[in-house]
C-alpha cells in the first residue's frame, strides 16, 4: 500500500512528462537498460533484498536494480535498515548511486547502532567503515560525540517547525494522546497475579543473582523476553495464552521479532525458553483449565473498553477509528467482537496482500458509506500508511520500542488530516504494561538527542519484574 501511495504522490506532484515505473510484481520483468529509460523507479525493501541475493549469487547481470548507477537513491522510512546485519540493510547499502537520501521520522529506535547503518548507506566516510566505527565508538562512547557528526548530515523538519513568517511549515489539527488506565478485575486479575508469581519463581529468582541483580546464565534475556510476552498477553485477552508465545510473529532476521529482540538486547536462541511457557500448566495456571475466560467469546477488560469507546465515537460523532495491536491474534479477536457489536471492519496486517491493503486504505479514507473501523497491526502498518480517513486511534497494547508507536500515531496525524486527532492508549494498571510505559519515556528522551546509546539492560529487566524499584 505504501508503494501505491508513492506512485499516487508522484502523479500528483510531478510533471505529467515524468515516466514512473513500479519495479514490483509483474513490473520486475524488465531489463536494466529499460529501467534507465524511466525518470522514477519505485520499489520495496523486500524486492531490493531479493535482487541483492540474486546479484550476490549469480552476478549483477541478473539483478537489474544493481546494474544501474542511479542519479539519486531515496530510502523512505529509512529506519527499516537500522539493523546493519540484515539482508535489507546490506542490500540497500549495495545499491550504486550518485546521491543518497535517508528519510525517517524516527531514525533512532534502540541504540546508536541504528545510526551506524544509516551512515553506512549514506557512505559517510570514515564512519561507514566497520573497523573505524568500532574503534571510534570505543574511544568516544558518549552519545554526544556522534551527535556532532549527525548534525552535519541531518536536515530536520518537525511538525512544530515554523517558517520565516512565524507560521507552521505544516498546518495540522491538534493531536491529543490519552493514556487510558484500565483495571484487571476478577478472574483476569487472579490469573495475572498467578502469572506474575510464576515469572518470579520459575525465572527471575532462578536466573538473577539476589545480591548483584545480574544474570546467572547466558539465556536469561530470552527467558525474560518470553515472560514479558506472556504477561502482556494476559493483559489483553486470556485466550492468547492458549497460543504459542511466538505464533503471532514471523521469526526471521528482518522481522518484527528481530526488532523486539534487538530492543531488549537479546541474541540467544528462543526455542528452549519458549517451550517453558507454551501451555497453561507450564505457566502455573493448570487450576484454571476449562475456564470460559480463556475462550475467544470472553469480553476482556480491554475488549470491553474498546467496544465502549467505539460505540461512543460512532454515536457522538460518526468519525472513523483505527485499532492498533502488535498481536495479530488480538486483532482477530477484536474484529470478532466489533462485528458482533454491529460495526463493519477493514483489516491491514501481514497476511493481507498489497492490492487488498491499497483497496482497504482507499475505502477507509474516502468511502463515506464504507466500514468505519480499520484494524491495523503494528508490524504491517506502523510506517508509511496514510490513514487520514480516521481521527480516533485505539492502541490495545504497549510496545517497548516507543518509536514504533509514534510511527503508528502518524498514520492518522499527517498532512491531509482535517479533524482533531485523539490517540487512546490502553494500559492495565498494576501490571507489566505500566513499567514498559516508564521505560518508553526514558527511551524517548534518549532518542530526542538523536543517538541514545542504550538497550534494555538487566537493570531494566529487574525493574520490569519488580526486583528493583528504581529506574
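Residue numbers (UniProt numbering): 1 to 471. Using N, Cα and C, we set each Cβ at its ideal position, and we do this for glycine too.
- When the Cα atoms are used, residue 308 and residue 183 turn out to be separated by approximately 15 Å.
- At a cut-off of 3 residues, the continuous stretches assigned as beta strand (DSSP E) that sit fully inside the region 11 to 58 are 20 to 22, 40 to 42.
- In this structure, the straight-line span from the alpha carbon of residue 349 to that of residue 109 is close to 21 Å.
- Following the DSSP letters along the chain, one finds residue 365 inside the alpha helix (DSSP H) bounded by residues 354 to 366.
- Contact check for residue 42 against residue 68 fails: the beta carbons are separated by 8 Å or more.
- Taking a C-beta distance under 8 Å as the contact criterion, residue 323 and residue 426 do not qualify as a contact pair.
- Linking residue 373 to residue 321 through their CA atoms gives a straight-line distance of about 5 Å.
- Here residue 127 carries a coil assignment [DSSP, helix/strand/coil].
- Segment contact: the region 145 to 156 against the region 402 to 422, fewer than three CB-CB distances shorter than 8 Å; contact not assigned.
- Shown here, residue 174 sits in coil according to DSSP, grouped into three states, outside any helix or strand.
- Here the region 352 to 362 makes no contact with the region 416 to 434; the two share fewer than three CB pairs at distances below 8 Å.
- For residue 337, the uninterrupted alpha helix (DSSP H) segment begins and ends at 328 to 340.
- Cβ-Cβ separation between residue 391 and residue 332: approximately 25 Å, too far for a contact (criterion under 8 Å).
- In this model, residue 364 and residue 357 are separated by some 10 Å (Cα to Cα).
- Secondary structure note for residue 394: its beta strand (DSSP E) is the uninterrupted segment 390 to 395.
- Counting other Cβ atoms within 10 Å of its Cβ, residue 51 reaches 16 or more and is therefore classed as buried.
- Under the three-state reduction of DSSP output, residue 4 falls in the helix class.
- In the assembly as shown, residue 132 is an exposed residue. Its beta-carbon has fewer than 16 other beta-carbons within 10 Å.
- Rounded to the nearest whole angstrom, the C-alpha separation of residue 417 and residue 362 is 15 Å.
- Inter-segment contact for the region 222 to 231 and the region 295 to 309 is absent: fewer than three beta-carbon pairs are separated by less than 8 Å.
- In the three-state DSSP reduction, residue 93 falls in the helix class (H, G or I).
- In the same chain as residue 88, and ignoring 5 residues on each side of it, the C-beta atoms closer than 8 Å to its own belong to 45, 46, 48, 49, 80, 81, 254, in chain order.
- Taken through DSSP and simplified to helix, strand or coil, residue 343 comes out as coil.
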